[in-house]
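Numbering (this note's numbering), first residue to last: 46 to 121.
For reference, the structure is listed below as structure tokens.
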Amino acid sequence: MPKSPIKLAAEVQAKMQSQGKQILTMPWPDFYREAEISRFRSKRGDEISDACKALGIVVGYGNNVVSFCHDAHFAG
């Protein structure tokens, strides 16, 4: 069963905090494993994006990776 978007968002946030990172990228195979899915659907992507947004994290779905970034100005 796929991991809930809220649980996935919390795990991404925890991973970013534990690594002290503002940005986290996952190759698609790693994302599928973390989300416990076998196929990506736009609706699921929107749900994950919304759950992450609630935690101040922006999600980008690229061709090779899924990127997670804190919604803050952190570059100097």
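Glycine included, C-beta positions come from ideal geometry on N, C-alpha and C.
Owing to the predicted nature of the structure, the values given are computational and were not obtained by experimental measurement.
For residue i versus residue j, is the C-beta spacing smaller than 9 Å?
{"i": "Gln64", "j": "Leu100", "result": "no"}
{"i": "Met61", "j": "Ile102", "result": "yes"}
{"i": "Phe85", "j": "Val110", "result": "no"}
{"i": "Pro50", "j": "Arg78", "result": "no"}
{"i": "Leu53", "j": "Ser112", "result": "no"}
Could you give the C-beta distance for residue i and residue j, rounded to a whole number, given that I count them as a contact under 8 Å?
{"i": "Cys97", "j": "Gln67", "result": "Actually they are not in contact, since the Cβ atoms of Cys97 and Gln67 sit about 14 Å apart, beyond 8 Å."}
{"i": "Lys48", "j": "Glu81", "result": "5 Å"}
So what does residue i bridge to, in DSSP terms?
{"i": "Asn57", "result": "As written in the sequence, residue 57 is Val, which differs from the Asn given in the question. Val57 pairs with nothing; no bridge assigned."}
{"i": "Tyr106", "result": "Val111"}
{"i": "Met46", "result": "The partner list for Met46 (beta bridge, DSSP) is empty, contrary to what the question assumes."}
{"i": "Arg69", "result": "Rather than Arg, the amino acid found at residue 69 in this sequence is Leu. According to DSSP, Leu69 bridges with Phe113."}
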